[in-house]
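One structure is given below, encoded as structure tokens.
Number of protein chains: 2
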Amino acid sequence: MTRTESGIRVAVSTVILTLRRHPTPDGRLTVVLPLVRRTREPHEFLWALPGGWLGEDEGLDAAASRTLAETTGLSPSYLEQLYAFGDVDRSPTRVVSIVYWALLRSDEVDAQLAAAVDPPENVLWFDASALPTLAFDHNQIITYALWRLRNKVGYSRVAHGLLPELFTLADLREVNEAILGRRLDPANFRRQVEASGTVIPTDGHRTGSHRPARLYRYNGDVELADPGPLRAAPTIPAN
Amino acid sequence: MTRTESGIRVAVSTVILTLRRHPTPDGRLTVVLPLVRRTREPHEFLWALPGGWLGEDEGLDAAASRTLAETTGLSPSYLEQLYAFGDVDRSPTRVVSIVYWALLRSDEVDAQLAAAVDPPENVLWFDASALPTLAFDHNQIITYALWRLRNKVGYSRVAHGLLPELFTLADLREVNEAILGRRLDPANFRRQVEASGTVIPTDGHRTGSHRPARLYRYNGDVELADPGPLRAAPTIPAN
DNA sequence: GCAAAAGTGTTGAAGGTACACCCATGT
DNA sequence: ACATGGGTGTACCTTCAACACTTTTGC
Numbered sequence: 001m002t003r004t005e006s007g008i009r010v011a012v013s014t015v016i017l018t019l020r021r022h023p024t025p026d027g028r029l030t031v032v033l034p035l036v037r038r039t040r041e042p043h044e045f046l047w048a049l050p051g052g053w054l055g056e057d058e059g060l061d062a063a064a065s066r067t068l069a070e071t072t073g074l075s076p077s078y079l080e081q082l083y084a085f086g087d088v089d090r091s092p093t094r095v096v097s098i099v100y101w102a103l104l105r106s107d108e109v110d111a112q113l114a115a116a117v118d119p120p121e122n123v124l125w126f127d128a129s130a131l132p133t134l135a136f137d138h139n140q141i142i143t144y145a146l147w148r149l150r151n152k153v154g155y156s157r158v159a160h161g162l163l164p165e166l167f168t169l170a171d172l173r174e175v176n177e178a179i180l181g182r183r184l185d186p187a188n189f190r191r192q193v194e195a196s197g198t199v200i201p202t203d204g205h206r207t208g209s210h211r212p213a214r215l216y217r218y219n220g221d222v223e224l225a226d227p228g229p230l231r232a233a234p235t236i237p238a239n
Numbered sequence: 001m002t003r004t005e006s007g008i009r010v011a012v013s014t015v016i017l018t019l020r021r022h023p024t025p026d027g028r029l030t031v032v033l034p035l036v037r038r039t040r041e042p043h044e045f046l047w048a049l050p051g052g053w054l055g056e057d058e059g060l061d062a063a064a065s066r067t068l069a070e071t072t073g074l075s076p077s078y079l080e081q082l083y084a085f086g087d088v089d090r091s092p093t094r095v096v097s098i099v100y101w102a103l104l105r106s107d108e109v110d111a112q113l114a115a116a117v118d119p120p121e122n123v124l125w126f127d128a129s130a131l132p133t134l135a136f137d138h139n140q141i142i143t144y145a146l147w148r149l150r151n152k153v154g155y156s157r158v159a160h161g162l163l164p165e166l167f168t169l170a171d172l173r174e175v176n177e178a179i180l181g182r183r184l185d186p187a188n189f190r191r192q193v194e195a196s197g198t199v200i201p202t203d204g205h206r207t208g209s210h211r212p213a214r215l216y217r218y219n220g221d222v223e224l225a226d227p228g229p230l231r232a233a234p235t236i237p238a239n
């Protein structure tokens, strides 16, 4: 009994997050993400995660990048698989969704949208902490993505995906504060980051206000916390 | 352009791990797992993870449990999604595999196999640290599953899946030692576990050799570290 | 009594938090 | 000069690893 066709379709969606500075004078950073208004049933007119069907000749990662570009015009700087959702009743037809989460700097968002030949339709950016009711189970999915982001930002270099090549420790701290939702002590933050070795000081400084701040860049040698299934992981020692 | 059929098929596989005591006099615990010998191309005669096709009317978790039972006769005590694999070239035909990892006590393995009406064919148990070359990308997948297990055992109660209802702290420590592959200080291990609140002392004691050890049971109130996408996760505080 | 595991106490190293303080620049 | 963020020093606290020590059983 070898089936070559199946009524089960595979979709790919992406939670792509960026930090946008509030237009208020104090200017705090908040987590925002683009959603797409559905133009078909099911859930017509509701907002949903950008995504699409998995192509027969593309891998999962490639499908995430492609569908994200097609619907929003964006190319993320960081992309990682989040979870596979496949409950029978999550859609009227049988769909298994492989969901990714991604990061992109807000200035890159602007640049990519300006360079896009085909400006995206039906796309709007939402504050992650004030979402409307979304199509399918997408509210739950975004909540889970934000939880993963907060858990990862501490012990890995995911913040890299939200910062330019050169940045100050205050920039990095501000990103961490926005993700974690609490203030961090500048002195202690500095020492922890420097001790972690994830960051390399450069000779450059950022001037413009008060005392110039040293510019840093990321250390490419440091691995992400979760190596993913593709890279080699250490084996169990014989002891 | 709404397709209802697709050439992409969805499979589900499970890395189910248990601890087996070595038949040597010193009797150390080692991580072992069952593999199934393939009876068809591709990779006929090679060993592979137990699994099967996703049914049109079952969720992913249910499919993992069903295919595991059908191929090995086992029902795990702990089951969690690991990763979705979908590279184009990982199989001659296009297959997306949702892979789970699972835990089961070795005495439950024996009981379930004894109770099985249909003893599983073509199943063999392998030492996780000495695997042959497996079908598809299954070697990599198992390496990743073991990495996840080691990372989770420290800060969650996954060891619960490998222990009976009542256990001594020495039992729990032995499980941790086997998974982490190194010895743990009994005194410090005791204090850490007691402080974590994941375990509740009972009035029972295990006698039989030397000084009797107090029996403990797991505290059901304590959540797993990774709540998974299904449960509610905390939202970003407004600060 | 003695061996061996259960369980307690203690110490020093390491890391995190809070906060005082100095430094360098724009205005 | 002075306000402000950059950057350093330090004291305190918690956690953890190492290991000496006491307790309780089987033999």
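Sequence order for the protein chains is A and B.
Under UniProt numbering, residues 1 to 239 are what the first sequence spells out, in order.
Under UniProt numbering, residues 1 to 239 are what the second sequence spells out, in order.
From the three backbone atoms N, C-alpha and C, an ideal C-beta is built for every residue, glycine too.
All figures in this text were calculated on a predicted structure; none of them were measured in a lab.
One thing to note: residue 184 of chain B has its Cβ no nearer than 9 Å to the Cβ of residue 191 of chain B. Here residue 200 of chain B is exposed: its Cβ has fewer than 16 other Cβ atoms, across all protein chains shown, within 10 Å. At least one beta carbon of chain B lies nearer than 9 Å to the beta carbon of residue 88 of chain A. Remark: fewer than three beta-carbon pairs, one from each stretch, lie closer than 8 Å, so the segment 134-148 of chain A and the segment 108-121 of chain A are not flagged as touching. Its chain contains 18, 19, 20 as the residues whose beta carbon lies nearer than 7 Å to that of residue 106 of chain B, once the 5 sequence neighbours on both sides are disregarded; these appear in chain order.
Beta bridge pairing from DSSP links residue 6 of chain A with B:6. C-alpha of residue 38 of chain A to C-alpha of residue 193 of chain B: approximately 50 Å in a straight line. Along the segment 46-62 of chain A, the positions whose C-beta sits under 8 Å from a C-beta of chain B are 53, 54, 56, 57, 58, 59, 60, read in chain order.
Distance check between residue 147 of chain B and each of B:166, B:82, B:65 places B:82 closest, using alpha-carbon atoms only. Neighbourhood of residue 98 of chain A in chain B, by CB distance below 8 Å: 84, 86, 96, in chain order. Taking residue 219 of chain A as reference, the option from A:158, A:208, A:180 with the minimal CA-CA separation is A:158. A direct Cα-to-Cα measurement between residue 207 of chain A and residue 217 of chain A gives close to 17 Å.
For residue 189 of chain A, the enclosing alpha helix (DSSP H) stretches over residues 186-196. In the three-state reduction of the DSSP assignment, residue 168 of chain B falls in the strand class, which pools E and B. Taking the beta carbon of residue 154 of chain B as reference, no residue of chain A falls within 7 Å; the closest one sits roughly 13 Å away.
Taking the beta carbon of residue 8 of chain A as reference, the chain B residues within 7 Å of it are 10, 54, 56, listed in sequence order.
Shown here, residue 138 of chain A sits in a helix according to DSSP, grouped into three states.
The Cβ of residue 192 of chain A sits no closer than 9 Å to any Cβ of chain B.
DSSP places residue 124 of chain A in no alpha helix (DSSP H) but in the uninterrupted beta strand (DSSP E) bounded by 123-127. A distance below 9 Å separates the beta carbons of residue 6 of chain B and residue 8 of chain A. The C-beta of residue 56 of chain B has fewer than 16 other C-beta atoms within 10 Å across all chains shown, which makes the residue exposed. With a threshold of 16 other beta carbon atoms within 10 Å, residue 84 of chain B meets it and is buried. Where residue 106 of chain B is concerned, the enclosing alpha helix (DSSP H) starts and stops at 106-115.
DSSP places residue 61 of chain B within a helical segment (H, G or I) once states are collapsed to three. The C-alpha of residue 198 of chain B lies about 12 Å from the C-alpha of residue 154 of chain B.
In this structure, DSSP gives residue 208 of chain B a state outside helix and strand, which the three-state scheme calls coil.
Distance check between residue 79 of chain A and each of A:45, A:51, A:16 places A:16 closest, using alpha-carbon atoms only.
Close to residue 81 of chain B, with beta-carbon spacing below 7 Å, are these residues of chain A in chain order: 83, 84. Shown here, residue 56 of chain A sits in coil according to DSSP, grouped into three states, outside any helix or strand. Membership of residue 44 of chain B in any beta strand (DSSP E) is not indicated, and neither H nor E is assigned to it by DSSP.
About 4 Å separates the Cβ atoms of residue 52 of chain A and residue 67 of chain A, confirming a contact at the 8 Å cut-off.
Under the 10 Å beta carbon count, residue 23 of chain B is surrounded by fewer than 16 other beta carbons and is classified as exposed. Annotation for residue 48 of chain A: 35, 36, 38, 134, 135, 136, 138 place their beta carbon closer than 7 Å to its own, counting only its chain and skipping 5 residues before and after. Here residue 69 of chain B carries a helix assignment [DSSP, helix/strand/coil].
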